[in-house]
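Following: one structure in C-alpha cells, then a few remarks.
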Amino acid sequence: MINVTKTYLPDINKYNKYTEQIFNSGWLTNNGELVQTLQKRLCEYLGVKNLLLVTNGTIALQIAYKLLGLSGQVITSPFSFVATTSSLVWENLKPVFADIDQATFNIDPENIAAKINKNTSAILPVHVFGNPCDVETIESIAKSYDLKVIYDAAHCFGVKYKGKSVLEYGDVSTISFHATKLFHTIEGGALIIRDDELYEKAKTLINFGLSNGDILNVGINAKMNEFSAAMGLCVLDDMEKIISERERVWKRYQEAFLGKLKLQKMNTDALLNHHYFPVVFSSTGCLLKTVEQLNKQQIFPRRYFYPSLDSVTYVPSEVKCEISNAIAGRILCLPIYVGLSTAEQDNIIKIITDNI
Ligand SMILES: *Cc1c(COP(=O)(O)O)cnc(C)c1O
1 MINVTKTYLP
11 DINKYNKYTE
21 QIFNSGWLTN
31 NGELVQTLQK
41 RLCEYLGVKN
51 LLLVTNGTIA
61 LQIAYKLLGL
71 SGQVITSPFS
81 FVATTSSLVW
91 ENLKPVFADI
101 DQATFNIDPE
111 NIAAKINKNT
121 SAILPVHVFG
131 NPCDVETIES
141 IAKSYDLKVI
151 YDAAHCFGVK
161 YKGKSVLEYG
171 DVSTISFHAT
181 KLFHTIEGGA
191 LIIRDDELYE
201 KAKTLINFGL
211 SNGDILNVGI
221 NAKMNEFSAA
231 MGLCVLDDME
241 KIISERERVW
251 KRYQEAFLGK
261 LKLQKMNTDA
271 LLNHHYFPVV
281 FSSTGCLLKT
291 VEQLNKQQIF
301 PRRYFYPSLD
311 SVTYVPSEVK
321 CEISNAIAGR
331 ILCLPIYVGL
341 STAEQDNIIK
351 IITDNI
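If you're matching positions, the sequence shown starts at 1 in our numbering and goes up one per residue.
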C-alpha cells in the first residue's frame, strides 16, 4: 500500500539509547534534558532565535493567539488544514476568509485589506505546502492597520526566504512536528516568537501560567515530553537524507507533469523543503477518475486541502472564496516520502498520465 506519506522512522538502536537515558534519569517531562537539547539544536538547525517546543501544531496556534491577546476577527486563508480555522473558533475568534492566489495557493495580499474592519486584530496566513507567502506585503499591511501577524508555518521545516528562515517572519510563526510532517516528534510542534519578552511569557503559558512556583497568568498544559524529544533528536540527525530523498521524488514528478497538469507556483526567493507535491486537475471529475485508478493499485494520494474551509459548517461565511473552492475541488497531493522507489513513482506517474 502506498499512501501520500510515510512516517520517517530513525535507527531504533539510537532511539533505544535515549529511552534508556530517560529511564535512568526518571525524568519524563516538564522541560527535561532532551526537550532542552532539542530546542537548542532546532534553533541552530533552523536559524531561529526564540523557539518553544509544545505538544502539537494546533495548540501552538492557540497559544500564539493568547500570547498576542487577539480578539474579535482574524483574517485567514480558507485553503489550509482545518486546524488553522478550527483553532480560531475554539478560542472564540472569528475567522474571516481572504481568497488565495490561484498560482501560489497562498492568501492573496490584495484581498486582505478589504476584509479589515475595527474588529480585526490579526492576520493568519499559511505558507501553503511550504511555499513562502508574500511576507513583505503582508507585513506592510499589518503595520499600516496595526495588526498582529501569525504565520501557520506547519509545512515550513527548513524553508528559507531570501536566505533567512521563513519562521522568523510575523510576530509568531507556528510549526507542526506531527508524524506525517517532514520533521517530527511523533506528536509535537513549536512557536517561533519574535519578541524576547513574549518568548518568556509563552514559556509560562505552556506550563499552567507557572513560573518558579508562582502563578503569573492563565495557562494551559502544552509541554513536550522526553520520548517525543528523543524521537526529534534522532530524526534531526537524518534531515539531510530526508530532504534530499524527497527532493529527488519531487523533481521526478515535476519533470513528468510540467505542462500537463497545473502545478503550484513556488516562491523564487525561497529555499524549499519539498514536503508535498500537489497537482491540480482540469476538473473534479478527472481527479476522481484518476484517484479511482490509483486506488485500484493500492495507491492512496490525498485530497489535500479539501474542502475549502469557508464551506465548514461551524463558520458562517457570507461570501464564498471562489479561487480556494476551485482549487480545493481539483487538487491532489501525490505520494512523497523517503523510501518511495523510482519504480513505484513511475507507476504513479503512468496511471495519472493515462487519465489526464
Ligand atoms: C498539520 C497542520 C496543522 C496542525 O498540526 P498538528 O501538529 O497536527 O496539530 C496546522 N496547520 C497546518 C497547515 C497543518 O498542515
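Note that the Cβ used here is the ideal one computed from N, Cα and C, for glycine as well. Quantities reported herein were computed from a predicted structural model and do not represent experimental measurements.
Which same chain residues, not among the five before or five after residue i, have their C-beta less than 8 Å away from its C-beta?
i: isoleucine 356; result: Lys260, Leu261, Phe281, Ser282, Cys286, Thr290
i: valine 48; result: Leu42, Ser165, Leu167, Glu168, Ile192
i: aspartate 237; result: Pro10, Lys14
i: leucine 263; result: Gln254, Phe257, Pro278, Val279, Val280
Could you give the DSSP three-state label for residue i: helix, strand or coil?
i: isoleucine 186; result: coil
i: valine 338; result: coil
i: tyrosine 199; result: helix
i: tyrosine 306; result: coil
i: lysine 262; result: strand
i: proline 301; result: coil
i: valine 291; result: helix
i: asparagine 106; result: coil
i: valine 235; result: helix
i: leucine 216; result: coil
i: isoleucine 356; result: coil
Identify, in the order they occur along the chain, each residue of the same chain with its Cβ nearer than 6 Å to the Cβ of residue i, setting aside the five sequence neighbours on each side.
i: leucine 94; result: The question names leucine, but residue 94 is lysine in the sequence shown. Once the five neighbours on either side are set aside, the close Cβ partners of lysine 94 are Gln73.
i: leucine 61; result: Ser87, Thr174
i: alanine 98; result: Ile75, Ile107, Asn111, Ile112, Lys115
i: threonine 7; result: Ala179
i: proline 78; result: Phe97, Ser308, Leu309, Asp310, Cys321, Ser324
So is residue i buried or exposed if we call it buried at 16+ other beta carbons inside 10 Å?
i: glycine 170; result: buried
i: valine 172; result: buried
i: lysine 17; result: exposed
i: isoleucine 215; result: exposed
i: leucine 28; result: exposed
i: isoleucine 12; result: exposed
i: serine 324; result: buried
i: proline 316; result: exposed
i: lysine 387; result: This structure cannot speak to residue 387, because the chain is shown only from 1 to 356.
i: asparagine 117; result: exposed
i: glutamine 298; result: exposed
i: glutamate 240; result: exposed
For residue i, tell me which candidate among the options has the shortest Cα-Cα distance.
i: glutamate 318; options: Gly57, Thr84, Val96; result: Val96
i: serine 308; options: Pro301, Ile299, Cys321; result: Cys321
i: tyrosine 314; options: Tyr151, Val82, Thr120; result: Val82
i: valine 54; options: Ser311, Ile336, Ser228, Leu288; result: Ser228
i: tyrosine 306; options: Ala328, Leu288, Glu292, Ala103; result: Ala328
i: glycine 209; options: Tyr199, Asn221, Leu198; result: Asn221
i: threonine 268; options: Lys162, Asp101, Asn3; result: Lys162
Taking 7 Å as the limit between beta carbons, can you name the residues of its chain near residue i, skipping five residues before and five after?
i: leucine 272; result: Gly130, Val159, Met266
i: threonine 85; result: Thr76, Pro95, Leu309, Val312, Val315
**Unbroken stretches of the alpha helix (DSSP H), 4 residues or longer, contained in the segment 5-93** = 12-25, 33-46, 57-67, 82-90
**Message:** List, from N- to C-terminal side, the alpha helix (DSSP H) runs of 4 residues or more that fit wholly inside the segment 119-162.
**Reply:** 135-145
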